[in-house]
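Working notes, beginning with the structure itself.
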Amino acid sequence: MPVLQLGLYSRESDAWYAWESLQRRQPELTRDLKATVSFLDGKTESSGAVLRATAEGDVDAQRLCRRMVGAGFGCLLVEAQPPATGGASQNADASPARAAANAGSEPVPPASPALVSPPTVIGAPAPAVGTVPAPMPTTTQTAMAAPTVTVPVTPTANTTATAPLADATVRAVAPIPTMPPPSGTTSMLAPIASATAAPIVPPPSVMAAVPPLDGTVIYTEEDARTMADIEQHGRTKGRLRSVVPDSRIDVMPATLKREGWNLCALTFDDGPHRTVTRQILEVLNREGVRATYFPVGRVAQHQGDLIRDFVTSGHEIGNHSLTHSDLRVMPVEAQRYEVAETNRILRSFGANPVLFRPPYGRYSLSLLGVARNEQMNSVLWTVDTRDWKVRNADKIVEHIKTAAGTGSVFLMHSTYPSTAEALPRVIAELRAKGCEFVTLTQWLERMRELALPKIVNAGMPTPPAANAAPAARN
């Protein structure tokens, strides 16, 4: 019976948490699956846990696995069901209790020798490099279903799996075929291969950082130039690469026009502000709009009820760092702590962050690599409402009228009363333009689907035109 291998984890509870997160995020893909968790050595949890799922009924497991990869999750197709191993649960019904018991705990890194990361160059993304505890072999398509993975692997360039697990024959289900990526880019379709736990002790640079009071960030002229550059440079790229800076795929304006692209994603940064952020949530719920919110971790940790309310209302929670510092100037270990510790805080409130928005939109190769290692996409925006600058509801609405088209990712902030005041009119203006509101992850997934035909045919010979003129006769 075909079995889908969905991820490797340092603890059984992490594996079950990943399964529950996948069920919430992709109910269609998991509807006909039954999950099991087993230990890598068949005996002890310290060896690591593997999450697998069996397809029930007449489900095409290979097609389902490809759909998971296409949606940005990891999946390996295992031809034979590995034997049940002692100690790990084979029943998904018992998972919530285990997950709840560990929901607030910090993942423990596996005890294995670290590999030395290659040097990085500012301005381009770095490959995900990690360690694998013996006897687990490295596979090119090993990837996780949720960002709580703590047993990273090193991705390689081909799609051939190495030695099998537990005497099972493993075949990697390759992502949609792509051409080799140009230098300095990374695939948004390829599953992320690793995620690591935050260090127990914050690095000195993080300890010295002071988060904004009540989540309200004061933006400087330099910040204004950076944010304007992001919007300006986005006009020279396709829509997808404007939002995901290290994506190797893109969708050009002509394709969006042909497809009648009208999906809009409202995103909110900073905070939570105790009163304004709550007002924004109430407007979104009243208008029936699902949005994506990027709170600052160290501020959010004191307002868990507000984060939970966003989650239970169906909104998406992303990661906006722990202290809203310029992470480019921090060492890699501090960058990793800023991202991983924020993930831990947000997960303790029921969120499942898979998107990372760097503070001020500033990023470097090392920071993009850190986000990938945490199994996250780094994301920006295409339209800045400038609410942080004008702080006037009428001016915000006027900017939406004149500058915004349909199908964009909008940057707003959750800390200004003028933003909360303008939001109902902003939603009305965008609806009048034809916007269909979705979360940012939904926006990215639908954008990927538009890119798939181009990727599938990459490198294939072009068929002759059906109406080509016949060759001249002598």
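The sequence shown: position 303 = 303 (the UniProt record's numbering), numbered continuously. From the three backbone atoms N, C-alpha and C, an ideal C-beta is built for every residue, glycine too.
- Message: Within 10 Å of its beta-carbon, does D270 have 16 or more other beta-carbons around it, so buried, or fewer, so exposed?
- Response: In summary, D270 is buried, with 16 or more beta-carbon neighbours lying within 10 Å of its beta-carbon over all protein chains present.
- On the three-pair Cβ rule with 8 Å, is the segment 238-248 touching the segment 373-380? The segment 238-248, when compared against the segment 373-380, does touch it at the 8 Å Cβ threshold.
- With a CB to CB cut of under 7 Å and the five nearest residues on each side skipped, what residues in its chain are close to V251? Answer for V251: G238, R239, L240, M447, L450, A451, listed in chain order.
- Message: Taking 8 Å as the limit between beta carbons, can you name the residues of its chain near L367, skipping five residues before and five after?
- Response: In its chain, beyond the 5 residues on either side, L327, R328, Q335, P358, S378 have a beta carbon closer than 8 Å to the beta carbon of L367.
- Query: If you draw a straight line from the alpha carbon of A432 to that of P424, how long is it in whole angstroms?
  - Reply: About 12 Å.
- Could you tell me the distance, in whole angstroms, from the CA atom of H302 to the CA atom of S348? Cα to Cα, H302 sits roughly 12 Å from S348.
- Message: So, for D214: in the same chain, excluding its five sequence neighbours on each side, which residues have a beta-carbon less than 6 Å away from its beta-carbon?
- Response: Around D214: H273.
- Please check the pair V339 and A371, which I expect to be a contact at CB under 8 Å, by giving their CB distance rounded to whole angstroms. Confirmed, Cβ separation roughly 6 Å.
- Item | C-beta atoms of D387 and Y416 nearer than 8 Å | Yes; because the gap between Cβ atoms is below 8 Å, this pair is in contact.
- Write down the C-beta distance between V383 and S418 rounded to the nearest angstrom, noting that I regard them as a contact closer than 8 Å. Going by Cβ atoms, the distance from V383 to S418 rounds to 17 Å, so no, they are not a contact pair.
- Please classify A49: is it buried, with 16 or more other beta-carbons within 10 angstroms of its beta-carbon, or exposed? Per the 10 Å Cβ criterion, buried.
- Message: Assess contact between the segment 433-442 and the segment 255-271, defined as three or more Cβ pairs (one per stretch) separated by less than 8 Å. Is contact present?
- Response: A contact exists between the segment 433-442 and the segment 255-271.
- Query: What is the DSSP secondary structure of A18, reduced to helix, strand or coil?
  - Reply: Correct three-state label for A18: helix.
- Task: Enumerate in chain order the residues of its own chain whose CB-to-CB distance from A422 is below 6 Å, with the five nearest sequence positions on each side excluded.
- Result: For A422, where only same-chain residues beyond five positions count, the Cβ hits under 6 Å are A393, I396, V397.
- Task: For my contact list, P331 and N343 are in at a C-beta cut-off of 8 Å; report their separation, rounded to the angstrom.
- Result: Not quite, the Cβ-Cβ distance comes to about 19 Å (not below 8 Å), so this is no contact.
- Message: Rounding to the nearest angstrom, what Cα-Cα distance links Q279 and R391 in this structure?
- Response: Using only the alpha carbons, I get a separation of about 16 Å.
- Message: So, under 8 Å CB-CB, L33 and A53 are touching, yes? Tell me the CB distance rounded to an integer number of Å.
- Response: Rounded, the Cβ-Cβ distance is 4 Å, consistent with contact.
- Classification of T312 by the beta-carbon crowding that lies within 10 angstroms, buried from 16 upward: Answer is exposed; the Cβ neighbour count stays below 16.
- Alpha carbon to alpha carbon, how far is T30 from E316? Distance from the CA atom of T30 to the CA atom of E316, rounded to whole angstroms, is 20 Å.
- Message: By alpha-carbon positions, which one of I345, M412, L355 ends up nearest to R308?
- Response: When each option's Cα is compared against that of R308, the closest is I345.
- Item | Nearest neighbour of G234, chosen from I218, P253, Y219, H413 [CA to CA] | With respect to the C-alpha of G234, the residue from I218, P253, Y219, H413 having the closest C-alpha is P253.
- Item | Proximity of L4 and A55 at Cβ, strictly below 8 Å | Yes, the Cβ-Cβ distance between L4 and A55 is below 8 Å.
- Which term fits P295, buried or exposed, when burial requires 16 or more other beta carbons within 10 angstroms of its beta carbon? Buried.
- Query: What are the boundary residues of the alpha helix (DSSP H) that includes Q232?
  - Reply: In this chain, the alpha helix (DSSP H) harbouring Q232 covers 221-234.
- Item | Cβ neighbour criterion (16 or more within 10 Å) applied to I427 | Taking every protein chain shown into account, the CB of I427 has 16 or more other CB atoms within 10 angstroms, so this residue is buried.
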